[in-house]
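See structure below.
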Amino acid sequence: MTTTATAAKPVKGLTLHVFRDTALSDCTNGGITARAQRVTLVGLCDFEFGGEPTRLPEWQLTPPSEDAPAVVAVVLDHFGGERNAFLVPVEIRDNELQRPHLYRLSHGGNFAGVSDSRFGSTLYRYLGYRPDVLRVHDRTE
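Using this note's numbering, read the sequence shown as starting at 150 and increasing by one per residue.
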């Protein structure tokens with residue numbers, strides 16, 4: 150009997166636009182949004198359920214690229230039970246999302262979002278509200 154390894158489907162996501170303060174210099178310390186005008190939202194990490202990156206079918210539209218690097222939305226519980234989300238860069242190996250290293254990243258001043266209803270309505274299921282934009286945590290020290 151011969152077995153064939155099934156290759157993971159190529160990673161795709163929802164293209165978001167980067168919003169930054171044009172009057173300031175780069176506050177990301179060379180993060181991905183220092184140069185990218187778009188990012189590709191390829192999945193979500195919900196730390197209520199272990200924090201492993203999960204691809205969501207609603208967002209599987211376009212592959213990430215050098216001009217629109219891959220990010221995942223990270224959902225955490227905040228003080229008082231409020232849920233919070235932000236974006237972080239994610240590494241892709243063999244068409245699999247790798248768990249992001251959150252401890253090294255902070256908000257560099259930039260945001261990303263899109264008017265596509267799939268962005269807000271999908272995040273509503275995790276947050277209880279529809280965000281217009283999310284902070285991008287791509288600053289490293």
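Every residue gets a Cβ at the ideal spot worked out from N, C-alpha and C, and that includes glycine. This one's a predicted model, so the numbers in the text were calculated from it and none came from an experiment.
| Asked | Found |
| --- | --- |
| Span of the alpha helix (DSSP H) holding Phe-268? | 266–276 |
| For Ala-261, name the three-state secondary structure that DSSP assigns. | strand |
| Compare the Cα-Cα distances from Thr-203 to each of Glu-290, Gln-247, Ala-172 and report the closest residue. | Gln-247 |
| Kindly indicate which three-state DSSP category Pro-206 falls into: helix, strand or coil? | helix |
| Kindly indicate which residue of Arg-274, Gly-230, His-250, Glu-207 has the alpha-carbon position closest to the one of His-286. | His-250 |
| Between Asp-170 and the ligand HEM, is there a pair consisting of the residue's CB and a ligand heavy atom that are separated by less than 7 Å? | The ligand HEM is not part of this structure, which contains no ligands at all. |
| DSSP three-state call for Leu-236: helix, strand or coil? | strand |
| Within 10 angstroms of its Cβ, does Arg-184 collect 16 or more other Cβ (buried), or is it exposed? | exposed |
| Are the region 185–194 and the region 212–226 in contact at 8 Å, needing three or more beta carbon pairs? | yes |
| Since Ala-172 is in the beta strand (DSSP E), which residue starts that stretch and which ends it? | Unbroken run through Ala-172: none, as it is neither H nor E. |
| Candidates Arg-279, Asp-265, Tyr-278: which alpha carbon is nearest Trp-208's? | Asp-265 |
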